[in-house]
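Visitor: Below is the structure I would like to discuss, written out as C-alpha cells.
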Amino acid sequence: MKFIKKIFGKKEVAPSKLTLKSNELAAWLEKEGESTFAELGAHIGHKYTEISNALEDLSEAKDRLVDASFGEKVYKRLAKAGASNRDNLVKNLDVIIEKTAIPEDTDPSEAYQFHLDAKSVLNTCLENAVRSQQYVKALFPEEYKDIWGGLKHLDVLLDELVAPINEVKDELEAYDKLPGDIELIRQMQQQIPAGQKNINELTGKYETLKAELGSGEARLEEIEAGDEFTRARELEEQARTLKGQISEVDSNLVGLFAPLSKALSRMEKQDGSGRHIMSAESRNVLKILKDEPVSALDIDLTGFLVEMKTRVEDGSLGLKQQKMNKTLEQIDRLVGTDVLSRLKSQREGYSSKLTGVRVELEGLTVYREKTQVEDRISECRNVMDSTGQKLDAEKREVARLKKEVEELKSGLDSDLSEIFGKDIEVGY
Numbered sequence: 000m001k002f003i004k005k006i007f008g009k010k011e012v013a014p015s016k017l018t019l020k021s022n023e024l025a026a027w028l029e030k031e032g033e034s035t036f037a038e039l040g041a042h043i044g045h046k047y048t049e050i051s052n053a054l055e056d057l058s059e060a061k062d063r064l065v066d067a068s069f070g071e072k073v074y075k076r077l078a079k080a081g082a083s084n085r086d087n088l089v090k091n092l093d094v095i096i097e098k099t100a101i102p103e104d105t106d107p108s109e110a111y112q113f114h115l116d117a118k119s120v121l122n123t124c125l126e127n128a129v130r131s132q133q134y135v136k137a138l139f140p141e142e143y144k145d146i147w148g149g150l151k152h153l154d155v156l157l158d159e160l161v162a163p164i165n166e167v168k169d170e171l172e173a174y175d176k177l178p179g180d181i182e183l184i185r186q187m188q189q190q191i192p193a194g195q196k197n198i199n200e201l202t203g204k205y206e207t208l209k210a211e212l213g214s215g216e217a218r219l220e221e222i223e224a225g226d227e228f229t230r231a232r233e234l235e236e237q238a239r240t241l242k243g244q245i246s247e248v249d250s251n252l253v254g255l256f257a258p259l260s261k262a263l264s265r266m267e268k269q270d271g272s273g274r275h276i277m278s279a280e281s282r283n284v285l286k287i288l289k290d291e292p293v294s295a296l297d298i299d300l301t302g303f304l305v306e307m308k309t310r311v312e313d314g315s316l317g318l319k320q321q322k323m324n325k326t327l328e329q330i331d332r333l334v335g336t337d338v339l340s341r342l343k344s345q346r347e348g349y350s351s352k353l354t355g356v357r358v359e360l361e362g363l364t365v366y367r368e369k370t371q372v373e374d375r376i377s378e379c380r381n382v383m384d385s386t387g388q389k390l391d392a393e394k395r396e397v398a399r400l401k402k403e404v405e406e407l408k409s410g411l412d413s414d415l416s417e418i419f420g421k422d423i424e425v426g427y
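The opening position of the sequence shown corresponds to residue 0 in numbering that gives the first Met the number 0, with each subsequent residue numbered one higher.
Below, the structure is given as C-alpha cells:
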C-alpha cells in the first residue's frame, strides 16, 4: 500500500516512470514532501490545537481544585492530610502542564518525539501522585472528576496525534534520511575523482621509479662487467693477500719473543719493586716487547738483549734451568742471526706493495660509482614499495566508494519510489 493511501485512503495516479536529475532532486524532494505530508501536517496542527486547549482546561480544573473548600463534616486531621495530598497532585499537574511543550512546527518526527516525551511526563507524574489522587477523589469529588477527565482527554489526544504517524513510521524515517543520503552520495561522488587523480599520480610515479630502477640495475651490470671493475677486484684480492702476509710476519715476530716472556715479566716485576731498577731506555724496550712486539723491528734490541742475557746467566731472574736454557738460546738467535732484519725487510716490502695497491684502488672511480648506483637502486626499491602500498590502498578506497555510491543510489531510488508511490529514478 502506498504512502498516501496508508494515511488517508487515497490513490495517486502516477506516471509509469519519473526520471530526475541529481541537481534537481533536493528542490523536487522539498516540494513533493510538502505536498505529500500536507494532510499529515494539517492533522498534527489540528491535534496540537486540541492538546493546547486540553492543557488550558486542565489548568483551569487545577485552579478550581486549589480554590475548593473542605466540607463542614471533614475532620481537621483528614483535612490536613487532604491539603497536603492536594498540594502534591497540584504540583504534579503543574509539571505536566509546563513540560508538555507543543512544538512550533508540524514536522512528523518532532510530533512523534513530542508524543513520547509528553506520555512519559504524564505517566511519571500520575505515578508520583497515585496516593494523593485517592485523597483528592474522596475530599473533592467534583474537582477530581474534572481533572481526571482532563488527563484522560489529554492522553487520548496524544495517542490520536501519533496514530497516523505510527502507520507510516518506516516511510517517515526513510524520508528524514533522504537529505543525509543525498548529501552522502554527493560527497562520495566528489571523493572518487580526487581518489582517481591520486591513483593516476601514484601510477605515474610508480612507473617512473620502475624505469629508473631498471636503468640503475642495467648500469650496475655494466659497471660489474667493465675492465675497471675487474681491475678493482684484482687489486682487492692482492690487498687481501698482502694483509695476510703482513699478519703472518707479525705472528712470526710474536713467536720469536714468546720464549722471553718469563724473563721479561721477572725483569718488569723487579724493576717495579726496586730490586733491580732498569734504565729508562731498557724499560721502554721491555714495554715494546711485551705490548707492541711489531714496533721492535724499528729499534736496536742488542743492548737490551745483552743485559737480559747477563741477568739470566747470573740467576738474578730466578729462572729454572730448563727455562734459562731456552731463554738464552733464543737470545743468542735474536742477537746472532739476521732473523729480525729479514722479518723487517719482508714486512716493509709487503707494506709498500699494499700501499701501492691502495693508492691504485683509491684512484679508481668504479667503486664510488657502483656505491652510488647501489644506493639509488635501494632507494628506488624502498620508494616503489611505499608507493605501491599507497596505490593499492587508494585503489581499494576508490573501489569501496564506487560500490557504496551504487548501493546508496539503488537504496535512494527504492526509498523515493516507496515513499512517494512513484517509479522514480535519479540520473547522476
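Backbone N, C-alpha and C define an ideal beta-carbon position, used for all residues, glycine too.
Source: prediction; values computed, not measured.
1. Locate the alpha helix (DSSP H) running through F139, then write down its first and last residues.
2. Between which two residues does the alpha helix (DSSP H) harbouring K46 extend?
3. By Cβ distance below 7 Å, which residues in the same chain neighbour K322 in space, the five residues on each side in sequence not counted?
4. Rounded to whole angstroms, what is the Cα-Cα separation between L333 and E233?
5. Tell me the rounded alpha-carbon separation between V356 and A279.
6. Tell me the start and end of each unbroken alpha helix (DSSP H) in the region 144-232 that is at least 4 residues and wholly inside, in chain order.
7. Looking at the unbroken alpha helix (DSSP H) that takes in I330, where does it start and where does it end?
8. Hey, quick one: how far does the alpha helix (DSSP H) through G314 stretch, first residue to last?
9. In this structure, how does DSSP classify D106 when only helix, strand and coil are distinguished?
10. With distances taken between CB atoms, is the gap from I164 to T105 smaller than 7 Å?
11. Below 7 Å between beta carbons: does that hold for L64 and E126?
12. Indicate whether the contact test is met: 3 or more Cβ pairs, each with one atom in the region 146-154 and one in the region 120-137, closer than 8 Å.
13. Tell me which same chain residues have a C-beta within less than 7 Å of the C-beta of I95, skipping the five on either side of it?
14. Three or more C-beta pairs closer than 8 Å, one from the region 356-374 and one from the region 217-237: is that the case here?
15. How close, in whole Å, do the beta carbons of L201 and P107 come, if the pair is a contact with beta carbons under 8 Å?
16. Can you name, in chain order, every residue of its own chain whose Cβ lies under 6 Å from the Cβ of F113, other than the five neighbours on each side?
17. Count the other CB atoms within 10 Å of the CB of D414; is the residue buried (16 or more) or exposed (fewer)?
18. Considering only the beta carbon of each residue, do L285 and L263 sit closer than 7 Å?
19. What whole-angstrom Cβ distance do L353 and A238 have, given they're in contact under 8 Å?
Guide: Reading it off the structure:
1. Unbroken run through F139: none, as it is neither H nor E.
2. That run of the alpha helix (DSSP H) goes 37-66.
3. K261
4. 38 Å
5. 40 Å
6. 168-224
7. 320-335
8. Premise fails: G314 is in no alpha helix (DSSP H) and is neither H nor E.
9. D106 falls in the coil class under three-state DSSP.
10. no
11. The criterion of a C-beta distance shorter than 7 Å is not satisfied by L64 and E126.
12. yes
13. V120, L121, C124
14. yes
15. Not confirmed; about 48 Å, so no contact.
16. P102
17. By the neighbour-count rule (16 or more Cβ atoms within 10 Å), D414 is buried.
18. yes
19. 6 Å
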